[in-house]
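Okay, so here's the structure we're looking at.
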């Protein structure tokens, strides 16, 4: 999965395990919100601000006429905090989220939430100016299929905003083993910054802007954490750091 992340595909049972892990996370979060022991998912506002900062430096129009899709949005998503565009979000666990009022009531008016997976988007070709996929691509069933679907639904001058937690080469080797053994159930795939860039280029995307978190700072923070899990990550080389890219399609793509 390091050398062939775009072409490899996990077994369906492995993805189901990842989805069960994800649903359990949101189940705990919803319960904590109901109990008053967790915040109101304010991190989405911060993520939206980061998105705006990145988009400010690339040639993408932002208006109420723009159509924006977030893939793997979770119960709320970045689109919930945007104040422009016709906004959509799609997530395989959408039916589950709808059963948790503590999550749904945090949604603001203006976004449409759809059940479904990024590998098969129920949307028209060339119909979106921006696609967001934030901390999702390594959780999915088939990353290559998702990126092909993104190419299909993006307008010719549309952009992809993608963030993913990446590893160093050594960390990726360790993580691949943990993922294969289902020790890290939520992340079936492993990326380094290099494999991410190559994956996007192979699927016809050109990076317009990118930013990587400081690995040394993340590692140092992990090592000082009160959490044993985080300290193990810091001392073994498993610390992951965020890589953010804004891309456009490098050449006209057939929308058939």
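In the working numbering, the protein residues as written are 89 to 344. Idealized CB from N, CA, C, for every residue including glycine. Keep in mind the model is a prediction, meaning the values are calculated, not measured.
Each of 332, 277, 296, 314 was checked against the Cα of residue 103, and the nearest Cα belongs to 277.
Taking all protein chains shown into account, residue 222 has 16 or more neighbouring C-beta atoms within 10 Å of its C-beta and is therefore buried.
Beta-carbon to beta-carbon, residue 281 and residue 254 are separated by about 5 Å, close enough to satisfy the 8 Å threshold. Residue 183 counts as exposed, since fewer than 16 other C-beta atoms from the protein chains shown sit within 10 angstroms of its C-beta.
Residue burial is scored here from C-beta neighbours: residue 300 has fewer than 16 other C-beta atoms within 10 angstroms and is therefore classed as exposed.
Contact annotation: residue 297 and residue 252 have beta-carbon atoms that are not nearer than 8 Å. 8 Å or more divides the Cβ of residue 118 from the Cβ of residue 167. Looking at the DSSP output, residue 242 shares a beta bridge with 216. Pairing residue 284 with residue 106, the inter-Cα distance amounts to about 21 Å.
DSSP, reduced to helix, strand and coil, places residue 109 within a helical segment of the structure shown.
In the three-state DSSP reduction, residue 312 falls in the coil class, being neither helix nor strand.
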